[in-house]
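J.:
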Amino acid sequence: MDCYLKVYGCQMNAADAHLVSRLLQDAGIREVEVSAEADAVVLLTCSVRQHAEDRARGFARTMRGEGKKVIVAGCMGQLRGEELIKEGIADFALGPDEYRRIPDILLGSRELSEVEGLETYSDLLPVDTGGVSASQAIIRGCENYCTYCVVPYARGRERSIPYQAFERQVRHLVDTGVKEIFLLGQNVLAYKHDNLRFIDILERVAGIDGVERIGFLTSHPRDLDYETVQRMAAIPELLHFFHLPLQSASDRVLGMMNRGYTVSDYAERVNWVRRAFPDAYLTTDILVGFPGETREDFEITLDAMERFQFDFAYMFAYSERSGTEAARMENQVPVSERQKRLATLIEKQSEITRLRSQRWVGRSEELFVTAPAPRGEGMLTEMKNHRSVILNHTARPGERVRAKLVGVSGWSVLAEPAVKEVV
Ligand code: SAH
Ligand code: SF4
Ligand code: F3S
C-alpha cells in the first residue's frame with residue numbers, strides 16, 4: 016500500500032501531517048513523493064475560505080478519476096465529509112480528531128480504531144523531516160467563535176497538550192536535529208493545563224537542552240497581557256517575532272466579528288511588544304469585506320496599516336462560510352467590492368512591507384541557516400526576529416553565521432558573510 020499525503024491550509028495542518036506520517040509509518044504504509052505512484056491519497060484539508068475547499072475538491076476528483084482511494088481528512092473532512100462522499104469525490108472522510116483511523120481505512124480493516132472526541136495526539140512522535148526547524152501543536156481546537164470563522168466547528172473545543180507529553184515530543188525533535196521549535200495553536204495564549212499557562216510552557220521549552228530558538232503561532236491579541244510580554248523578553252531563545260491578527264481596525268467591525276478587543280487595545284499591545292523587542296518582526300492578518308463593513312470602516316483599516324507599520328500582512332477577502340454567524344448577517348458586501356478593497360489594501364501594504372524591509376540593510380546580524388535557498392545559490396537563513404534572509408555563502412542548516420545585510424531584492428533581504436574567506 017503506497018500512499019500520497021497532500022496538505023492544504025494553515026501551519027496546524029502542516030504539523031498534523033507529520034503526525035499522520037507517523038501513523039502511516041507505524042502501520043507499515045509507505046509514503047510516496049508523487050501522487051502518480053500512490054494507491055491511495057490522503058488530503059489534509061482546509062475550509063477557512065471557499066478557495067481552499069475548491070482546490071481540495073479539484074484534486075480529490077482528479078485522484079478519484081485516476082482510480083485511487085481518496086481519504087479527505089482534516090477540517091473539510093469534518094465539515095463536508097458526507098457531502099463529499101455523496102458527490103463521489105471521496106471514499107472516506109474524517110475530521111482532525113480521527114487521524115488514527117487513516118491506517119485502518121487504508122489497510123481495509125473491518126474495525127476502525129476507537130477515537131476520542133477531543134484528541135491531543137500527545138503520545139505520537141512526529142516523523143523526522145530532516146529539517147532544523149519544526150512546529151508542534153501545544154493546544155488544539157478553538158472556541159473563540161469569531162463570527163466569520165469555521166475553525167471552531169471544524170476543530171472542536173480547545174484542549175491543551177499536557178506539558179510532559181509535549182516535552183517528550185520536543186526532545187524527540189531535538190534528537191532528529193531540530194534546533195528551532197514553533198509552538199502552535201489557533202490561540203496559544205489560551206493554553207491551560209495543570210496550572211500552567213502559555214508563558215510557563217515557553218519558559219520550560221526554552222530550557223530544554225538543544226532548543227536554540229523558539230517561536231509561537233498564533234496569539235489572539237485579546238489574550239496578550241503585559242506580564243506575559245515582560246516574561247517573554249527575558250527568554251533568550253525566543254524569536255522576536257509576533258503574529259498578531261488584527262482583522263479590522265474599525266471597532267464597529269471588530270465588535271461584529273466578536274474579536275473581543277478594540278483597535279486601541281490592540282495598539283497598546285503592539286506598544287508593549289515593540290518596547291520589549293525593539294527589532295520585533297510584526298505580522299498580522301486582515302480580513303476585508305466582512306458583512307456590514309462600510310467604505311468608511313475599510314478606510315479606517317487602510318489608515319491603520321500606515322500607523323501600525325506591519326512588516327508583513329496576510330490579507331483576505333471575506334469568504335462566506337455556511338454555519339457561521341456572519342453568513343446569516345444582513346448587509347453582505349458584494350463580492351466585487353470585497354475584491355476591490357482587498358486589491359487596494361494589498362497595494363498599500365506591499366509598499367509598507369517593501370520600505371520596512373529596507374530598514375534592515377546595513378545591519379550586522381547573526382543568521383540562523385535553515386535550508387538551501389529555493390532559487391539560485393546561497394542559503395535561506397533567518398534573523399533573530401524570524402525575518403528570512405538570503406545569505407550569499409555556503410553553510411550547513413543549523414549553523415549560525417555572522418553576516419552583513421546588504422540589500423533587498425523583491426521580498427528578500429540579502430546578506431554577505433561578515434568575514435569573507437581568503438582563498
Ligand atoms: N486562529 C487564528 C486564525 C486562523 S484562520 C487567529 O485567530 O488569528 C487565519 C486567517 O484566515 C484569519 O486570521 C482570518 O484573517 C482569515 N479568515 C478566517 N475566516 C475567514 C473567512 N471566512 N473569510 C476570509 N478569511 C478568513
Ligand atoms: Fe477562527 Fe477566531 Fe478561532 Fe482564529 S480565534 S481560529 S479566527 S475563531
Ligand atoms: Fe484551515 Fe483548518 Fe487551519 S480550516 S486554517 S486547516 S484549522
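So the sequence shown is numbered by my numbering: it starts at 16 and just counts up by one.
Just so it is clear, CB atoms sit at the ideal spot from N, CA and C, and this is done for glycine as well.
Tell me whether S427 sits in a helix, a strand or coil according to DSSP, three-state version.
T.: Sequence index remark: in the sequence shown, residue 427 carries index 412 (1-based). Strand, per DSSP.
J.: Can you tell me whether V350 is buried or exposed? The criterion is at least 16 other CB atoms within 10 Å of its CB, across all chains shown.
T.: As a first step, residue 350 must be located in the sequence shown, where it is residue number 335. Exposed is the call here.
J.: Let me confirm a value: S234 is counted as buried when at least 16 other C-beta atoms fall within 10 Å, else exposed. Which label applies?
T.: On the sequence shown, residue 234 is found 219 positions in, with the first residue counted as 1. Looking at its Cβ environment, which holds 16 or more other Cβ atoms inside 10 Å, S234 is buried.
J.: Can the beta-carbon of Q93 be found closer than 7 Å to that of A169?
T.: For the purposes of this step, residue 93 is taken as the residue at position 78 of the sequence shown. For the purposes of this step, residue 169 is taken as the residue at position 154 of the sequence shown. For Q93 and A169, yes; Cβs fall inside 7 Å.
J.: With 16 other CB atoms within 10 Å as the buried threshold, where does Y19 fall?
T.: Within the sequence shown, numbered from 1, the residue matching residue 19 stands at position 4. Result: buried.
J.: To test your reading of the DSSP string, which unbroken alpha helix (DSSP H) runs of 4 or more residues are found completely within the stretch 254 to 285?
T.: Segments of the alpha helix (DSSP H) lying fully in the stretch 254 to 285: 266 to 272.
J.: Give the straight-line distance between the Cα atoms of Y241 and A433, rounded to the nearest whole angstrom.
T.: Residue numbering aside, residue 241 sits at position 226 when the sequence shown is read from its first letter. Residue numbering aside, residue 433 sits at position 418 when the sequence shown is read from its first letter. Rounded to the nearest angstrom, the two C-alpha atoms are 37 Å apart.
J.: Measure the C-alpha to C-alpha separation of D41 and R415 and round it to an integer number of angstroms.
T.: Working through the sequence shown from its first residue, we reach residue 41 at position 26. Working through the sequence shown from its first residue, we reach residue 415 at position 400. Cα to Cα, the separation comes out at about 35 Å.
J.: Where Q201 and R237 are concerned, what is the direct C-alpha to C-alpha distance, given to the nearest angstrom?
T.: The residue labelled residue 201 in the question sits at position 186 within the sequence shown. The residue labelled residue 237 in the question sits at position 222 within the sequence shown. Cα-Cα distance, rounded: 13 Å.
J.: Taking C-beta to C-beta, are I176 and T135 nearer than 7 Å?
T.: Taking the sequence shown and counting its residues from 1, the one referred to as residue 176 is at position 161. Taking the sequence shown and counting its residues from 1, the one referred to as residue 135 is at position 120. Yes, Cβ-Cβ distance for I176 and T135 is below 7 Å.
J.: Looking at the strands, I want to know which residues DSSP matches up with M394.
T.: Position 379 of the sequence shown, counting from 1, holds the residue named residue 394. The partner list for M394 (beta bridge, DSSP) reads P387, L406.
J.: For a test of your reading of the model: does the CB of C90 fall under 6 Å from any non-hydrogen atom of the ligand FMN? Yes or no.
T.: Looking at this structure, you won't find the ligand FMN anywhere; what it does contain is the ligand SAH, the ligand SF4 and the ligand F3S.
J.: Does the pairing of the stretch 376 to 394 with the stretch 350 to 368 give three or more beta-carbon distances under 8 Å?
T.: Taking 8 Å as the limit for Cβ pairs, the verdict is that the stretch 350 to 368 does not touch the stretch 376 to 394.
J.: How many Å lie between E252 and I229 at the Cα?
T.: Walking along the sequence shown from the start, residue 252 turns up at place 237. Walking along the sequence shown from the start, residue 229 turns up at place 214. So the two alpha carbons sit approximately 6 Å from each other.
J.: I'd like to confirm the pairing. Which residues does DSSP put opposite Q151 in its beta bridges?
T.: For the purposes of this step, residue 151 is taken as residue 136 along the sequence shown, with counting starting at 1. BP columns for Q151 point to L198.
J.: Do V469 and E113 have their C-beta atoms within less than 7 Å of each other?
T.: In the structure as shown, the chain begins at 16 and stops at 438. Residue 469 is therefore absent and cannot be evaluated.
J.: Answer with buried or exposed for V438, where buried requires no fewer than 16 other C-beta atoms within 10 angstroms of its C-beta.
T.: On the sequence shown, position 423 is the one that residue 438 refers to. Only weak support is given to the placement of V438: the predicted model assigns it a pLDDT of 47, under 50, and the question is left unresolved by the model.
J.: How long is the line joining the alpha carbons of E340 and Y163, rounded to whole angstroms?
T.: Taking the sequence shown and counting its residues from 1, the one referred to as residue 340 is at position 325. Taking the sequence shown and counting its residues from 1, the one referred to as residue 163 is at position 148. About 7 Å.
J.: Can you name, in chain order, every residue of its own chain whose Cβ lies under 8 Å from the Cβ of H401, other than the five neighbours on each side?
T.: Here the question's residue 401 lines up with position 386 in the sequence shown. If we look at H401 and ignore the five residues flanking it on each side, its Cβ neighbours are G230, L254, H255, F256, Y296.
J.: Measure the beta-carbon distance from V268 to E308 and round it to whole angstroms, keeping in mind my assumption that it falls under 8 Å.
T.: Stepping through the sequence shown from its first residue, residue 268 is reached at position 253. Stepping through the sequence shown from its first residue, residue 308 is reached at position 293. Sure, about 5 Å apart at Cβ, within 8 Å.
J.: Of all the alpha helix (DSSP H) runs that stay within the bounds of the stretch 111 to 135, which reach a length of 4 or more residues?
T.: List check, alpha helix (DSSP H) in window: 116 to 121.
J.: Using CA coordinates, which residue listed in D312, Q373, V142, S379 is at the minimum distance from R353?
T.: One-based indexing of the sequence shown puts residue 353 at position 338. Considering only alpha carbons, the answer is D312.
J.: Within its chain, find whatever has a CB closer than 6 Å to the CB of D106; leave out the 5 residues flanking it on each side and keep chain order.
T.: For the purposes of this step, residue 106 is identified with residue 91 of the sequence shown, where counting begins at 1. Contacts found: K84, V85.
J.: What is the rounded straight-line gap between the Cα of I361 and the Cα of Q347?
T.: Position 346 of the sequence shown, counting from 1, holds the residue named residue 361. Position 332 of the sequence shown, counting from 1, holds the residue named residue 347. Looking at the two C-alpha atoms, the distance is approximately 21 Å.
J.: Starting from V303 and walking both ways along the beta strand (DSSP E), at which residues does that stretch end?
T.: For the purposes of this step, residue 303 is taken as the residue at position 288 of the sequence shown. Note, V303: beta strand (DSSP E), 296 to 303.
J.: Taking DSSP as the reference, what is the three-state secondary structure of E380?
T.: As a working mapping, residue 380 is identified with position 365 in the sequence shown. Looking at E380 - three-state DSSP - the assignment turns out to be strand.
J.: Run through the stretch 171 to 251 for me and flag every whole alpha helix (DSSP H) of 4 or more residues, listed as ranges in chain order.
T.: DSSP runs (the alpha helix (DSSP H)) wholly in the stretch 171 to 251: 178 to 190, 213 to 221, 241 to 248.
J.: I need the residues with a C-beta less than 6 Å from some heavy atom of the ligand SF4; please give them in chain order.
T.: That gives C157, N159, Y160, C161, C164, V166, P167, Q201, N202, H235.
J.: What ranges does the beta strand (DSSP E) occupy inside the stretch 287 to 373, keeping only unbroken runs of at least 3 residues that lie completely in it?
T.: Entirely contained in the stretch 287 to 373, the beta strand (DSSP E) runs reaching 3 residues are, in chain order, 296 to 303, 327 to 332.
J.: Considering only C-alpha positions, which residue in the set A388, M78, G393, P260 is nearest to F325?
T.: Here the question's residue 325 lines up with position 310 in the sequence shown. Cα-wise, what sits closest to F325 is P260.
J.: Is P260 a contact residue of the ligand SAH, with contact defined as CB to any heavy atom under 6 Å?
T.: Within the sequence shown, numbered from 1, the residue matching residue 260 stands at position 245. It does: the Cβ of P260 is within 6 Å (strictly closer) of some heavy atom of the ligand SAH.
J.: Confirm the yes/no value for this check: CB of M27, any heavy atom of the ligand F3S, distance under 6 Å.
T.: Along the sequence shown, read from residue 1 onward, the residue named residue 27 stands at position 12. Yes.
J.: Taking only three categories from DSSP, how would you classify C18?
T.: As a working mapping, residue 18 is identified with position 3 in the sequence shown. In the structure shown, C18 sits in a strand (DSSP, three-state: E or B).
J.: With respect to the beta strand (DSSP E) encompassing G89, which residues constitute its N-terminal and C-terminal limits?
T.: Locating residue 89 in the sequence shown gives position 74, counting from the first residue. 84 to 89 is the extent of the beta strand (DSSP E) around G89.
J.: Alpha carbon to alpha carbon, what distance is there between N407 and E392?
T.: Sequence index remark: in the sequence shown, residue 392 carries index 377 (1-based). Sequence index remark: in the sequence shown, residue 407 carries index 392 (1-based). So the alpha carbons of these two residues sit roughly 7 Å apart.
J.: Please report the Cβ distance between Y430 and V421, rounded to the nearest whole angstrom; I am assuming they are in contact, meaning their Cβ atoms lie under 8 Å.
T.: Your numbering for residue 430 matches position 415 in the sequence shown. Your numbering for residue 421 matches position 406 in the sequence shown. At residue 430 the sequence reads Ala, which differs from the Tyr that was named. Confirmed, Cβ separation roughly 6 Å.
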